[in-house]
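First residue of the sequence shown? That's 137 in my numbering, and the numbers climb one at a time after it. By construction, the Cβ of each residue, glycine as well, lies at the ideal position given by its N, Cα and C atoms. All values derive from a computational prediction rather than experimental measurement. The structure appears below as structure tokens.
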Amino acid sequence: MGWFNYFGLAIMAIIMAPNIVYALKHKDNVAENYNNKAAVIAEQIGRYGCFALMIFNIPYTYFNFWFDYAMTVYLSVNGALCLAYLIFWIVCWNKNDLLKAISLSVIPSCIFLFSGIVLANIPLIAFAVVFAVCHILISCKNVSDSN
């Protein structure tokens with residue numbers, strides 16, 4: 137894999153599609169009750185860092201697949217996680233509960249972290265950890281504060 141990760145682009149498209157559709161259909165229904173500026177800024181830094189590093193491989197910061205059959209494992213696990221993500225979107229589409237908050241924040245966090253580990257992409261791992269902690273916190277707090 138060179139500087140451009142086509143598989144990462146496909147994974148990003150799969151996990152972004154339901155988010156875009158949901159945002160367009162529920163413009164007035166997006167609750168942002170938790171307003172911790174530091175957590176929100178850290179989440180956004182982690183999010184966009186993960187987005188960029190899932191697609192673009194920066195030379196000397198990633199070491200590509202580091203074990204036999206790593207690409208097969210990468211595609212299989214990320215495919216299963218993307219499928220689970222889409223299933224949870226379908227199941228929880230009109231809900232605003234803790235199941236939706238946890239599943240739709242943990243799964244993409246796992247995708248980013250797993251991808252970083254399998255690709256030995258140090259910056260992706262770092263951004264994934266920041267994103268995971270903040271995204272899960274914010275998602276759960278938004279649900280608990282709205283009830």
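Check	Outcome
Helix, strand or coil for Phe203, going by three-state DSSP, please let me know.	coil
For Asn171, which three-state DSSP category applies?	coil
Looking only at C-alpha atoms, which of Ile258, Met148, Asp204, Ser280 sits nearest to Ile194?	Ile258
Please confirm whether Ile274 and Asn214 have their CB atoms less than 8 Å apart.	no
Is it the case that the segment 173-186 contacts the segment 217-232, given that we only count it when at least three CB pairs across the two stretches are under 8 Å?	no
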